[in-house]
Each structure stands twice: as structure tokens, then as C-alpha cells.
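Peer 1: The sequence shown maps to residues 2 to 428 in the numbering used here.
Backbone N, C-alpha and C fix where the C-beta goes; we use that ideal spot for every residue, glycine too.
Just so you know, these numbers come straight off a predicted model, no measurement behind them.
This is the structure I want to talk about, given as C-alpha cells.
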Amino acid sequence: MKYLTLQEQIEIGAQLFQESLKSEFYAQKYQGVKVPQSPNDWFSIPVLEREEIYDNSFPRSKRMLTRPIEDMIIISTGGSSGVARYTTYTHDEWNSFVETQADAMRILGITSADRVANLFIAGHFWPSFLGLHDCIKKIGAVHLPISANIPPEEIVSLCMEFEPTVMVSLPTLFVFLADMAQRDGFRFKNLRMIQYAGEGLSAQAEAHIRKHLNVQEIKSGAYTSADAGLMGYQCDHCPPGVYHVPSDFQLVEIMNFETGQYARDGEVGEILVTNLRRSSTPIIRYRVGDAVIPIGEKCVCGDKNPLIKLAGRSGQDFKIGGGFISMQDIEETIAQFPDFLSLNFQLILEDVENKMRIELHIESGCPPDDRIILDFKNKLFEKIKEFRIGTEKGYISDFVIQIKDLGVLPRSPITGKVKKLEDKRVK
Ligand SMILES: [Zn+2]
2 MKYLTLQEQI EIGAQLFQES LKSEFYAQKY QGVKVPQSPN DWFSIPVLER EEIYDNSFPR
62 SKRMLTRPIE DMIIISTGGS SGVARYTTYT HDEWNSFVET QADAMRILGI TSADRVANLF
122 IAGHFWPSFL GLHDCIKKIG AVHLPISANI PPEEIVSLCM EFEPTVMVSL PTLFVFLADM
182 AQRDGFRFKN LRMIQYAGEG LSAQAEAHIR KHLNVQEIKS GAYTSADAGL MGYQCDHCPP
242 GVYHVPSDFQ LVEIMNFETG QYARDGEVGE ILVTNLRRSS TPIIRYRVGD AVIPIGEKCV
302 CGDKNPLIKL AGRSGQDFKI GGGFISMQDI EETIAQFPDF LSLNFQLILE DVENKMRIEL
362 HIESGCPPDD RIILDFKNKL FEKIKEFRIG TEKGYISDFV IQIKDLGVLP RSPITGKVKK
422 LEDKRVK
């Protein structure tokens, strides 16, 4: 992908800054801030917070818009955080977003000879299905618009019939398909690549998918935000979690908010993005909320666009008493029972009469007997001592493990994700 220097990015950013002043929101926010010409000027532009976007976006408000609502698509950006949020793109901006995404897919080797199964959920303003449709069209590949809105058995039978070479969806769905393949013994004979997006994929889930869907390449389609679009793409040399920054599309800064300076190479910081192509609702120095690490080294592929490593999205860990519990520890323990337990699971935490009640629901295509469940519980309590101590001391009143049929755990009707952590405790 094309590479821009910081100075070149700031020149585009300056035009965007001036355009943004046509909106009520930015005219007010940037009062007294001068048009950026240097990296120092750029650095002094105030950061844009998530709540500001929420409060000032269509249809709640038109304050962030620089033009009337015409010639646009409206998409949802906030399916997973609970509160619905929407944003507006002109059709030209949308086109530019999908062109960049299509470039990312071309870099991973998807060509016009591929048959791509689109297994995202459509509807509810959710952009993935539509965006992928446009990307496939730009690449000239064959589109199989199967979606994940239909029963899973139908997804399987359509994929058997139409023989995709590439499947694109969420990790939740791929884990589910691998569980079904393990139970029912089918395989997709021409499938060579899986591209996932929307959630992280653990090493355990990746190994499970690779084994049971018999697929060589498992790639992250992109690191994106619905507000800002593509923020990272992978090349063949990128290990999991590492991405090139598309500097021609996005001005990415990595801030250490404790020091108030940019994070140094190898140091964890928070990502700030400025989309260089979107002026109808400008997104300038937006604090996405993701922790990333600038790598600093050049990639061996020859692409000059810098590399970043994701250091984890928030919401994956929780607290019991004084200790932080990692969802990764639960996943790793489940992965020790690959013949019986699926990696699609849900942990529910609840306060009942001042004590905590915990339920762990796990899908299974081959339900384990009580002895195996007890063995699993013991291993989990060894790994996470807060569970054991809390149960012994009585501040965890119940710790219940329930085995569910494949596909039974509640999925978000908008995105299709299984919510792995349901924390119902009084905050
Ligand atoms: Zn590379």
C-alpha cells in the first residue's frame, strides 16, 4: 500500500481540519486551535473521545456533519458496546473505505479466481456484509453472499455445494463451524483461506479451526474501527496481532497518556486515528480505546508502512475481590478438553444476596460426562485460584458449569458474536 510521510499526512490533515470547521461541533471544539502545519501543531489538536462522537452523531445530532444528509450510507458502529451508535459516510467515502479494504485482501493473495463466502450478518445497519460485498466486487472475485443470518446447517450445505476457496466471518462462527465439522465429520474440499474480523482469535481457537476445517491459511482480514475504517492490514510476514498501518488512508498516532508523549518503539500506548479520506463526519485524533505497541522495525516484505502490534482490547478481563481474572485463562483451560468442549463459551457473573454467583456455559458437540466436567473444574480452579478460594471461603456462593448444544449460546443479533463475559454484578 502507498506510504505517506508524517508531513504529507499532516498536509492532508490540515485540509481535513479546515473542512471540519464547517461543522458546529468542530467549530466549537477547535476554537483557538490553529490550522496544523507541523507535527507540533498537529500534536496540539485536542483528542476526540468516544462519547463526543456518540453525542454528536446522526441521528441524535447533526453537529458533527460538515454537509447535509444527502448521497450517503448510514451504518451502525456500536453493536458490541451495548448502546447503538450510527455514523454517516458519503457514497464516495464508503467507496474509498472499501477500496482500501480490498487492497488489504489483495495483499493476502485473494484474486479473481477465488470464490469468497461472505458469512457476515446483514441488517441492523451493520456494515460488514455490505462492505465485503463491495470489496469482493473490486477484486473481481466470485461472491457467495450466503450470510450468517440463515440456519448454520444451511451455511454448511451451501458451502459444500458452492465450494468457496475463502471464507470471511467472525471467529465465533468459525469456531462453531469447526465444532460442527468435528461432530459431523464434513469438510470443505477447496477451502484454502479463512479471514476473520470483528473479534480477536486466540491461538487455541486458531488451532481448532485449522484442524477441523482443514485450512492452511487463517488471516485477520483487518484491524478496523467502524468510525475510522481500516487501521491495520497484514502481509504474509505479519504474525498474529501485527499489522501494517495504511498511512495513505489513516494518520495513526500512538500515545502514552501517562507521559503525554508518543509511545516509544516497543512501549504500549493508545491508538489515536485520523481518517484522511472522510470529511463529511471528520474523525480527527480519535481515541479508539485500543492498546497498541509501535514496533519500529521495517517489515521484510518491503512495505514502508510502519508496523504495530495490538496489545489487547479492553473488556477481556474482570476483577474478583482484588485480583484480575483473564478470560484467556478460561479459554486455555477449555482448550485442554478439545474432544468435549467448544471455545464458544459464556461466563456469567451475578451478585445474589451480597455473594457472587458464577455460571460457565460451554457449547459441546460431544457432551462430557460428570467425571470429565469435574476434571475440567479442578483444572480451572488450579489455574484461577480466585475461583477456588472464593468458593472455599463462601463469597462465591455457586460455581455452575453448564454444557450446551452447539449454537445455543446467545449471539448478538447484530454482529453474531457470542459475548464471552456477561458481568451482571452491580457496579
Ligand atoms: Zn510486511
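So within the region 106–160, which uninterrupted alpha helix (DSSP H) runs reach at least 4 residues, ignoring any that extend past its ends?
Peer 2: Taking only runs of at least 4 residues, the alpha helix (DSSP H) segments lying wholly in the region 106–160 are 129–140.
Peer 1: May I ask you to check if the CB of C136 is nearer than 7 Å to at least one heavy atom of ligand 1?
Peer 2: Taking the sequence shown and counting its residues from 1, one reaches residue 136 at position 135. C136: no, Cβ never under 7 Å from ligand 1.
Peer 1: Since P283 and E20 should fall inside the 8 Å C-beta cutoff, what is the C-beta to C-beta distance between them, to a whole number of angstroms?
Peer 2: Indexing the sequence shown from 1 puts residue 283 at position 282. Indexing the sequence shown from 1 puts residue 20 at position 19. Indeed, because the Cβ distance is near 7 Å, the residues count as touching under 8 Å.
Peer 1: Starting from S398, follow the beta strand (DSSP E) in both directions and report where the run begins and ends.
Peer 2: The residue given as residue 398 occupies position 397 in the sequence shown. S398 -> beta strand (DSSP E) spans I397 to D406.
Peer 1: State the start and end residues of the unbroken alpha helix (DSSP H) segment that holds M328.
Peer 2: The residue labelled residue 328 in the question sits at position 327 within the sequence shown. Here the alpha helix (DSSP H) through M328 covers M328 to I335.
Peer 1: Between T89, K139 and S148, which has its C-alpha nearest M106's C-alpha?
Peer 2: Numbered from its first residue, the sequence shown carries residue 106 at position 105. Taking only the C-alpha atoms, the option nearest M106 is K139.
Peer 1: On the premise that I374 lies in contact with I122, defined as a C-beta separation below 8 Å, what is that separation, rounded to the nearest angstrom?
Peer 2: As a working mapping, residue 122 is identified with position 121 in the sequence shown. As a working mapping, residue 374 is identified with position 373 in the sequence shown. Not a contact, Cβ separation roughly 32 Å.
Peer 1: Under a three-way DSSP split, which group does R288 fall into?
Peer 2: On the sequence shown, residue 288 is found 287 positions in, with the first residue counted as 1. Three-state result, R288: strand.
Peer 1: Alpha carbon to alpha carbon, how far is V301 from Q235?
Peer 2: If you number the sequence shown from 1, residue 301 lands on position 300. If you number the sequence shown from 1, residue 235 lands on position 234. The alpha-carbon atoms of V301 and Q235 are separated by roughly 12 Å.
Peer 1: When burial is assigned at 16 or more other CB atoms within 10 Å of the CB, is E154 buried or exposed?
Peer 2: Translated into the one-based positions of the sequence shown, residue 154 becomes position 153. Its Cβ having fewer than 16 others within 10 Å, E154 is exposed.
Peer 1: Taking only the alpha-carbon atoms, compute the straight-line gap between F44 and T78 and give it to the nearest angstrom.
Peer 2: Within the sequence shown, numbered from 1, the residue matching residue 44 stands at position 43. Within the sequence shown, numbered from 1, the residue matching residue 78 stands at position 77. Rounded to whole angstroms, F44 to T78 spans 26 Å at the Cα level.
Peer 1: If T67 and S280 are in contact, beta carbons under 8 Å, what's the gap, nearest whole angstrom?
Peer 2: For the purposes of this step, residue 67 is taken as residue 66 along the sequence shown, with counting starting at 1. For the purposes of this step, residue 280 is taken as residue 279 along the sequence shown, with counting starting at 1. Their Cβ separation, rounded to whole angstroms, is 6 Å, which keeps T67 and S280 in contact under 8 Å.
Peer 1: Please name the residue, chosen from D291, I390 and D304, that lies closest to G324 on a Cα-to-Cα basis.
Peer 2: Taking the first residue of the sequence shown as 1, we reach residue 324 at position 323. Comparing Cα-Cα distances from G324 to each of D291, I390 and D304, the minimum goes to I390.
Peer 1: Would the beta-carbon of A223 fall within 8 Å of that of Q251?
Peer 2: The sequence position of residue 223 within the sequence shown is 222, counting from 1. The sequence position of residue 251 within the sequence shown is 250, counting from 1. Result no, Cβ atoms of A223 and Q251 do not sit closer than 8 Å.
Peer 1: If you measure from the CB of D304, is any heavy atom of ligand 1 nearer than 7 Å?
Peer 2: The residue given as residue 304 occupies position 303 in the sequence shown. The answer is yes for D304.
Peer 1: Once you ignore the five residues that flank S315 on each side, which residues in its own chain have a CB closer than 7 Å to its CB?
Peer 2: Taking the first residue of the sequence shown as 1, we reach residue 315 at position 314. The predicted model places S315 with a pLDDT of 48, which falls under 50 and marks its position as unreliable; any figure quoted below should be read in that light. G290.
Peer 1: Buried or exposed: which applies to P69, given that a residue is buried once 16 or more other Cβ atoms fall within 10 Å of its Cβ?
Peer 2: Numbered from 1 along the sequence shown, position 68 holds the residue referred to as residue 69. Burial call: exposed.
Peer 1: Do Q205 and A312 have their CB atoms nearer than 8 Å?
Peer 2: For this step, residue 205 is matched to residue 204 along the sequence shown. For this step, residue 312 is matched to residue 311 along the sequence shown. No, Cβ-Cβ distance for Q205 and A312 is not below 8 Å.
Peer 1: Using three-state DSSP, classify R184 as helix, strand or coil.
Peer 2: Looking up residue 184 in the sequence shown gives position 183. In the structure shown, R184 sits in a helix (DSSP, three-state: H, G or I).
Peer 1: Measure the C-alpha to C-alpha separation of E268 and H125 and round it to an integer number of angstroms.
Peer 2: Sequence index remark: in the sequence shown, residue 268 carries index 267 (1-based). Sequence index remark: in the sequence shown, residue 125 carries index 124 (1-based). Straight-line Cα distance between these residues: approximately 38 Å.
Peer 1: Check the C-beta distance from T173 over to G417 and give it rounded, since I have them as a contact under 8 Å.
Peer 2: Translated into positions along the sequence shown, residue 173 becomes position 172. Translated into positions along the sequence shown, residue 417 becomes position 416. Right, the Cβ-Cβ distance comes to about 6 Å (below 8 Å), so this counts as a contact.
Peer 1: Are the region 326–343 and the region 361–374 touching by the rule of at least three beta carbon pairs closer than 8 Å?
Peer 2: As far as the Cβ criterion goes, the region 326–343 touches the region 361–374, which means the pair count is three or higher.
Peer 1: If distances are taken between C-alpha atoms only, which option among V117, E423 and P411 comes closest to I170?
Peer 2: Translated into positions along the sequence shown, residue 170 becomes position 169. According to the sequence provided, residue 170 is Ser. The question's Ile does not apply to it. Checked all of V117, E423 and P411; the closest Cα to S170 is V117.
Peer 1: Do I108 and Y90 have their C-beta atoms within less than 8 Å of each other?
Peer 2: Start at 1 with the first residue of the sequence shown, and residue 108 comes out as number 107. Start at 1 with the first residue of the sequence shown, and residue 90 comes out as number 89. Not in contact: I108 and Y90 (Cβ atoms no closer than 8 Å).
Peer 1: Can you name the residues that DSSP bridges to S39?
Peer 2: Within the sequence shown, the letter at position 38 stands for residue 39. Paired residues: none, contrary to the question.
Peer 1: Run the proximity test for C367: is its beta-carbon closer than 7 Å to any non-hydrogen atom belonging to ligand 1?
Peer 2: As a working mapping, residue 367 is identified with position 366 in the sequence shown. Every heavy atom of ligand 1 is 7 Å or more from the Cβ of C367, so no.
Peer 1: Under 8 Å between the Cβ atoms of L308 and I326?
Peer 2: Here the question's residue 308 lines up with position 307 in the sequence shown. Here the question's residue 326 lines up with position 325 in the sequence shown. Contact flag unset, no.
Peer 1: In this structure, how does DSSP classify K384 when only helix, strand and coil are distinguished?
Peer 2: Within the sequence shown, numbered from 1, the residue matching residue 384 stands at position 383. K384: helix per DSSP, three-state reduction.
Peer 1: Does the separation of the CB atoms of A179 and I151 fall below 8 Å?
Peer 2: The residue labelled residue 179 in the question sits at position 178 within the sequence shown. The residue labelled residue 151 in the question sits at position 150 within the sequence shown. Against a cut-off of 8 Å, the Cβ pair of I151 and A179 comes out as no contact.
Peer 1: Does R377 come out as helix, strand or coil in the three-state DSSP assignment?
Peer 2: Within the sequence shown, the letter at position 376 stands for residue 377. Residue 377 is actually Phe in this sequence, not Arg. Looking at F377 - three-state DSSP - the assignment turns out to be helix.
Peer 1: Report the residue from M357, D376 and L350 whose alpha carbon sits nearest the alpha carbon of I397.
Peer 2: For the purposes of this step, residue 397 is taken as residue 396 along the sequence shown, with counting starting at 1. Answer by Cα proximity: M357.
Peer 1: If you reduce the DSSP assignment to three classes, tell me which class Q29 lands in.
Peer 2: Translated into positions along the sequence shown, residue 29 becomes position 28. Q29: helix per DSSP, three-state reduction.
Peer 1: What distance in whole Å lies between the Cβ atoms of P47 and Y87, which are believed to be in contact at a cut-off of 8 Å?
Peer 2: Position 86 of the sequence shown, counted from the first residue, corresponds to residue 87. Position 46 of the sequence shown, counted from the first residue, corresponds to residue 47. Not confirmed; about 24 Å, so no contact.
Peer 1: In angstroms, rounded to a whole number, what distance separates the CA positions of F338 and E50?
Peer 2: What you label residue 338 is simply residue 337 of the sequence shown in a count that begins at 1. What you label residue 50 is simply residue 49 of the sequence shown in a count that begins at 1. C-alpha separation (whole angstroms): 42 Å.
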